[in-house]
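First the structure, in the form of structure tokens, and then the observations on it.
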Amino acid sequence: MKTIKRRAFCKAAAAAVAGVLAPHAAAEALLPQAAQAVVGSAVPEDYYSFAFRSDHSETDLSHDFYYTDAFFENTALQYSHKLALATLGLVAASGNTYQSDALYWVEGEAGREDSIADAYQKLGFANAVYAGYQCSLNTPVDTAGCAFAQKTLVQDGQRTTIIAAMLRGVGYGAEWASNLHVGEGGGHYGFVTAAEHFFEDLQDYLKKAEAAAGTLGTIKLWLGGYSRGAAVANLTAARIRQQLPQIAQKNTFVYTFAAPAALTAADRPDLQADYDNDHTADGGLKTDWDVSNIFNIISSGDIVARVMPEEWGYHRNGNDRFLPSTAYQNELDDLSIIESRMGGVPLRFDQLATKEDVDSVIAAALAFCKSAANYHEKYEAAFMDMLQCAFTLSEKEAAEGVILDDEAVMERLRSMENIRKMSWTKVLRCVMTASAMSRPILEQVGAIVPLRAQQVVVPVLAVGLCYEVESDVLRMLVYYILSLMSVNSPADSVLRAAFCHYPENYITLMEYYDPAEHGMEGYTRR
Numbered sequence: 003m004k005t006i007k008r009r010a011f012c013k014a015a016a017a018a019v020a021g022v023l024a025p026h027a028a029a030e031a032l033l034p035q036a037a038q039a040v041v042g043s044a045v046p047e048d049y050y051s052f053a054f055r056s057d058h059s060e061t062d063l064s065h066d067f068y069y070t071d072a073f074f075e076n077t078a079l080q081y082s083h084k085l086a087l088a089t090l091g092l093v094a095a096s097g098n099t100y101q102s103d104a105l106y107w108v109e110g111e112a113g114r115e116d117s118i119a120d121a122y123q124k125l126g127f128a129n130a131v132y133a134g135y136q137c138s139l140n141t142p143v144d145t146a147g148c149a150f151a152q153k154t155l156v157q158d159g160q161r162t163t164i165i166a167a168m169l170r171g172v173g174y175g176a177e178w179a180s181n182l183h184v185g186e187g188g189g190h191y192g193f194v195t196a197a198e199h200f201f202e203d204l205q206d207y208l209k210k211a212e213a214a215a216g217t218l219g220t221i222k223l224w225l226g227g228y229s230r231g232a233a234v235a236n237l238t239a240a241r242i243r244q245q246l247p248q249i250a251q252k253n254t255f256v257y258t259f260a261a262p263a264a265l266t267a268a269d270r271p272d273l274q275a276d277y278d279n280d281h282t283a284d285g286g287l288k289t290d291w292d293v294s295n296i297f298n299i300i301s302s303g304d305i306v307a308r309v310m311p312e313e314w315g316y317h318r319n320g321n322d323r324f325l326p327s328t329a330y331q332n333e334l335d336d337l338s339i340i341e342s343r344m345g346g347v348p349l350r351f352d353q354l355a356t357k358e359d360v361d362s363v364i365a366a367a368l369a370f371c372k373s374a375a376n377y378h379e380k381y382e383a384a385f386m387d388m389l390q391c392a393f394t395l396s397e398k399e400a401a402e403g404v405i406l407d408d409e410a411v412m413e414r415l416r417s418m419e420n421i422r423k424m425s426w427t428k429v430l431r432c433v434m435t436a437s438a439m440s441r442p443i444l445e446q447v448g449a450i451v452p453l454r455a456q457q458v459v460v461p462v463l464a465v466g467l468c469y470e471v472e473s474d475v476l477r478m479l480v481y482y483i484l485s486l487m488s489v490n491s492p493a494d495s496v497l498r499a500a501f502c503h504y505p506e507n508y509i510t511l512m513e514y515y516d517p518a519e520h521g522m523e524g525y526t527r528r
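Going by the numbering used here, the first residue of the sequence shown is number 3, and it counts up by one from there.
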């Protein structure tokens, strides 16, 4: 698998080196003589429209984000709200386009990178390489796609290369199962392994970038990630500081959004830098953020950033900056107005989770899982395979809207590594039971259930039954998977918190609340 990925990466890099993007003539006319492009284009400071995938609206939306090359004339050791917003725009654009799902779900060129490619072109970045974007969406791998690009400028007589590395965190298919791959220790296995692969890709890209520009001069690394991509970016930021001395800390601009924690203090020192910067050694909250170049922006109502809980000793590198949830009606109205400008299905901010909602969900999860070791031993494989089934889609399902019959579900389950080890009769019995169980669950979700949700319910149920997951837990998990796929209005704290994870929520909160409203821990404005 790794050999295939590397071959695809090198092929894409070679093609990119052969065709450098031409400078934008109109933009160049507006720039001072001192800023000249060697690779890519210098661009005027302005608002640029980026498209991004919206699973909530089941389409691709667009929004305007401010950008200037002057962002990188400043130190990375100071938080920049404008640069954070620009990074959010790019990491949102880094997700596979929603349109590409319909074009070709399984594998191959399908325009998955179209949104980030367009954003890079608008910002004058060249030599784009899309590592991992062509892998099958049905394969649950411990990797993370990344969109690389570069811009080498001569500013005031000094050569500077800006390397953009935006990690994909939306629309990546069965790779989602890796988010549940905690492993036996030494950090969250799915995130740690993906960070190791990404670091190799980054080193490869740096070599190709130097070949394209002749010499890079001063390297400014712009690293961003959202959700899964945010966890990988957060870990890799530490390794960059320790193992890539040619990129100074003050020149490594790291902004992550909705990043799950991946390490305890005892895990992987090579992946720790400014670890848990928000707390003192005895666990108390500091009065202000320490110096760091790593900034993690988190919605107080988002459950994803707390999946690996602080109660088990998990923290992130750098400074966590929590965006508030709110109970003020005027603020809820204002947020809804801002979000409505993106189009799509409204998020309904009055129904999104507060910090207290997330606290209650985490408390219930801790009581259920008991410990990371217990989760790994008892539930991890089952939940990962259930998620793999939720994201697996054949050509007939995608193109013709086919709902698999019991025989086809049986065939799919028997193709999965873990279930292949189970007896044929057990798997058959579980598929038949799942088929019978699906009807009341579909009725509970509602009369109008999207086709995609109908397609996954029997396979997901059958996998859970094969692992002998408790019936009440199984019903609950399937209900939430269907509810999220159905884009139903969030009814309880779990769904309310899950809906806070959408990029539309982060974009709106970032535009509405200035840095003075950020907290060092989650909170609700009342």
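All residues carry an ideal CB built from backbone N, CA and C; glycine is no exception.
Residue range 374 to 380 is occupied by the alpha helix (DSSP H) that includes asparagine 376.
In this structure, glutamate 513 lies near isoleucine 340, with their beta-carbon atoms less than 8 Å apart. Per DSSP, aspartate 280 is not a residue of any beta strand (DSSP E), being assigned neither H nor E. By the criterion of a C-beta distance shorter than 7 Å, glutamine 248 is surrounded in its chain by Ile221, once the five residues flanking it on both sides are discounted. Counting only residues of its own chain and dropping the five nearest sequence neighbours on each side, cysteine 432 has a CB closer than 7 Å to the CB of Ala464, Leu467, Cys468. The region 355 to 362 makes no contact with the region 164 to 179: fewer than 3 CB pairs, one atom from each, lie closer than 8 Å.
Glutamine 157 places its beta carbon 8 Å or farther from that of asparagine 129.
DSSP places tyrosine 228 in no alpha helix (DSSP H) but in the uninterrupted beta strand (DSSP E) bounded by 220 to 228.
Between the alpha carbons of tyrosine 132 and isoleucine 300 lies a distance of about 26 Å.
The region 91 to 155 is shown to contain whole alpha helix (DSSP H) runs of 4 or more residues at 100 to 105, 116 to 124, in chain order. For the pair tyrosine 228 and alanine 94, the CB atoms are nearer than the 8 Å cut-off. In the structure shown, glutamine 457 falls within a helical segment according to DSSP collapsed to helix, strand and coil. The Cβ neighbour count for alanine 455, taken over all protein chains shown within 10 Å, is at least 16; the residue is labelled buried. Looking at the DSSP output, serine 338 shares a beta bridge with no other residue. Between proline 262 and valine 306, the C-beta spacing is below 8 Å. In this structure, DSSP gives asparagine 321 an extended state, which the three-state scheme calls strand. The three-state secondary structure of serine 56, taken from DSSP, is strand.
Annotation: the region 356 to 415 contains the following complete segments of the alpha helix (DSSP H) (minimum length 4 residues), in chain order: 357 to 371, 374 to 380, 382 to 393, 397 to 402.
In this chain, phenylalanine 501 is not harboured by any beta strand (DSSP E); it is covered by the alpha helix (DSSP H) spanning 495 to 501.
In the three-state scheme derived from DSSP, where H, G and I count as helix and E and B as strand, methionine 168 is classed as strand.
Secondary structure note for serine 301: it is in no alpha helix (DSSP H), and the uninterrupted beta strand (DSSP E) holding it is 296 to 301. Under the three-state reduction of DSSP, aspartate 269 is assigned to coil, being neither helix nor strand. Its chain contains Leu287, Lys288, His317 as the residues whose beta carbon lies nearer than 8 Å to that of histidine 281, once the 5 sequence neighbours on both sides are disregarded; these appear in chain order. Taking a C-beta distance under 8 Å as the contact criterion, arginine 416 and valine 429 qualify as a contact pair. Looking at the DSSP output, phenylalanine 67 sits in a beta bridge with Tyr50. If you ignore the 5 residues before and after glycine 188, its C-beta comes within less than 8 Å of the C-beta of Val194, Asp269, Arg270, all in its own chain and listed in chain order.
Our two residues, glutamate 60 and tyrosine 504, have alpha carbons roughly 12 Å apart in a direct line.
From the listed residues Ala260, Ser138, Ala400, the smallest Cα separation to glycine 226 is found for Ala260.
Around the beta carbon of alanine 438, fewer than 16 other beta carbons sit within 10 angstroms, so the residue counts as exposed. One thing to note: phenylalanine 52 has its Cβ within 8 Å of the Cβ of serine 64. With contacts defined by Cβ atoms closer than 8 Å, leucine 237 and alanine 264 form a contacting pair.
One alpha carbon belongs to aspartate 387, the other to alanine 179, and they sit about 7 Å apart.
Straight through space, the alpha carbons of alanine 196 and tyrosine 257 are spaced by roughly 18 Å. Sequence-distant partners of phenylalanine 393 (beyond 5 residues in either direction) whose C-beta falls short of 6 Å from its own C-beta, in its chain, are Gly175, Ala176, Trp178. Rounded to whole angstroms, tyrosine 68 and aspartate 48 show a C-alpha spacing of 6 Å. In the assembly as shown, glycine 403 is an exposed residue. Its beta-carbon has fewer than 16 other beta-carbons within 10 Å.
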